[in-house]
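Accompanying notes for the structure given below.
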Amino acid sequence: MSTTLQIGVTGGIGAGKSIVCQIFQAFGIPVYEADERAKWLTEHDPILKADIMRVLGSNAYDPLGHYNRTWVASQVFADPALLAQLNGVIHPRVMSDTDAWVQEHANKPYVIKEAAIMKAAGDHNSLDKVIVVHAPLALRIKRIRQRDPYRSEQEIINIINRQISDDERVRLADYVINNDENQLLIPQVVALHHEFLRQRVI
């Protein structure tokens, strides 16, 4: 029986997680985007929607049934206990969804899980290895400003400061991909692709 390796990909905003994941996808490797999937589940999973309304009340959804993100954020921003309750209903549904997704791709040599927040491999998760995508701060700010021109530089810096530091992130890493526009990106991903093919547990 073969076991599918589960590889985590994380990195700060603007580091380039998405482009790295797109390269893995070009090799036929499935990618689970945890943050996007969580957003989808809050809109479409009836059990999760009921749980969220139990925690936050009916205002969590608008009259058309869409998740009221702005209102929810305003409720949990200054209430850590309420945020913990909300995460307590969202995270288990995402984990269950992830497990089902991994089973769907059990024929693949490995799968990628992308998330902005991630623990080290094996730290209360099913990850075998973690890749951290790293880029210099000034380059990250430049990329975000190009991508999101409505954001000010100070707003971007505030977002970055709310995330864990690069040093903390690198301590989680089994591998670091440097997306600094000095080192070629694709050869770094190709090398890891071959490494994971070798590591596949049979």
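Here full-length UniProt numbering is used: the first residue of the sequence shown is 1, the next is one more, and so on.
The beta carbon of each residue, even a glycine, is placed where N, CA and C say it ideally should be.
Open item on the list: Just to confirm, is the Cβ distance from L137 to I23 under 9 Å?
Closed with: As a working mapping, residue 137 is identified with position 137 in the sequence shown. As a working mapping, residue 23 is identified with position 23 in the sequence shown. Contact: no.
TODO: Could you tell me whether the region 94-103 touches the region 147-159, using the rule of 3 or more Cβ pairs below 8 Å?
DONE: no
Task: Residue(s) in a DSSP beta bridge with Q6 - done: Translated into the one-based positions of the sequence shown, residue 6 becomes position 6. For Q6, which the question treats as bridged, DSSP gives the partners V111.
Open item on the list: Between the alpha carbons of S58 and D180, how many angstroms are there, rounded?
Closed with: Start at 1 with the first residue of the sequence shown, and residue 58 comes out as number 58. Start at 1 with the first residue of the sequence shown, and residue 180 comes out as number 180. Cα-Cα distance, rounded: 45 Å.
Task: Sheet register partners of V133 (DSSP bridge) - done: Here residue 133 refers to the residue found at position 133 of the sequence shown. According to DSSP, V133 bridges with I177.
Task: For E155 and G14, the rounded distance between their alpha carbons - done: For this step, residue 14 is matched to residue 14 along the sequence shown. For this step, residue 155 is matched to residue 155 along the sequence shown. If I take the Cα positions, the gap works out to 13 Å.
Open item on the list: Could you tell me the alpha carbon to alpha carbon distance between T3 and D62, rounded to whole angstroms?
Closed with: Within the sequence shown, numbered from 1, the residue matching residue 3 stands at position 3. Within the sequence shown, numbered from 1, the residue matching residue 62 stands at position 62. Taking the straight line from one Cα to the other gives about 42 Å.
TODO: Compute the distance between the beta-carbons of V130 and L197, then report whether it is under 9 Å.
DONE: As a working mapping, residue 130 is identified with position 130 in the sequence shown. As a working mapping, residue 197 is identified with position 197 in the sequence shown. Not closer than 9 Å, so no.
Task: Residue range of the alpha helix (DSSP H) that includes F27 - done: Looking up residue 27 in the sequence shown gives position 27. Where F27 is concerned, there is no enclosing alpha helix (DSSP H), given that its DSSP letter is neither H nor E.
- [ ] Classify Q199 as buried or exposed, calling it buried when 16 or more other Cβ atoms lie within 10 Å of its own Cβ.
- [x] Numbered from 1 along the sequence shown, position 199 holds the residue referred to as residue 199. Under this definition Q199 is an exposed residue.
Task: N161 versus V102: straight-line alpha-carbon distance, rounded - done: Counting from one through the sequence shown, the residue named residue 161 turns up at place 161. Counting from one through the sequence shown, the residue named residue 102 turns up at place 102. Answer to the nearest angstrom: the Cα atoms are 33 Å apart.
Task: Cα-Cα separation, V189 to V132 - done: For the purposes of this step, residue 189 is taken as the residue at position 189 of the sequence shown. For the purposes of this step, residue 132 is taken as the residue at position 132 of the sequence shown. Rounded to whole angstroms, V189 to V132 spans 12 Å at the Cα level.
TODO: Could you tell me the distance, in whole angstroms, from the CA atom of Q183 to the CA atom of I177?
DONE: By one-based count along the sequence shown, residue 183 stands at place 183. By one-based count along the sequence shown, residue 177 stands at place 177. Cα-Cα distance, rounded: 9 Å.
TODO: Could you tell me the boundaries of the alpha helix (DSSP H) in which N161 lies?
DONE: Taking the sequence shown and counting its residues from 1, one reaches residue 161 at position 161. From DSSP, the alpha helix (DSSP H) with N161 extends over 153-162.
TODO: Please decide whether R200 counts as near chain D, where near means a Cβ-Cβ distance under 9 Å.
DONE: Protein chains in the displayed structure number just one, and chain D is not present.
TODO: Tell me, please, which residues DSSP counts as bridged to Y61.
DONE: Working through the sequence shown from its first residue, we reach residue 61 at position 61. Paired residue(s): Y67.
Open item on the list: Considering only DSSP beta bridges, list what E33 is partnered with.
Closed with: Locating residue 33 in the sequence shown gives position 33, counting from the first residue. Partner(s): E114.
Task: Anticipated Cβ contact below 8 Å, A121 with D174, distance rounded - done: On the sequence shown, position 121 is the one that residue 121 refers to. On the sequence shown, position 174 is the one that residue 174 refers to. Right, their Cβ atoms sit about 6 Å apart.
TODO: Provide the residue span of the alpha helix (DSSP H) that contains T183, from first to last.
DONE: Against the sequence shown, residue 183 aligns to sequence position 183. The identity of residue 183 in the sequence shown is Gln, whereas the question assumes Thr. That residue, Q183, is in no alpha helix (DSSP H); it is neither H nor E in DSSP.
Task: Assigned exposure category for E36 - 16 Cβ within 10 Å defines buried - done: Counting from one through the sequence shown, the residue named residue 36 turns up at place 36. That one is exposed.
TODO: Going by CA-CA distance only, name the one from C21, G12, G16 that's closest to K113.
DONE: Against the sequence shown, residue 113 aligns to sequence position 113. Here the closest residue by C-alpha is C21.
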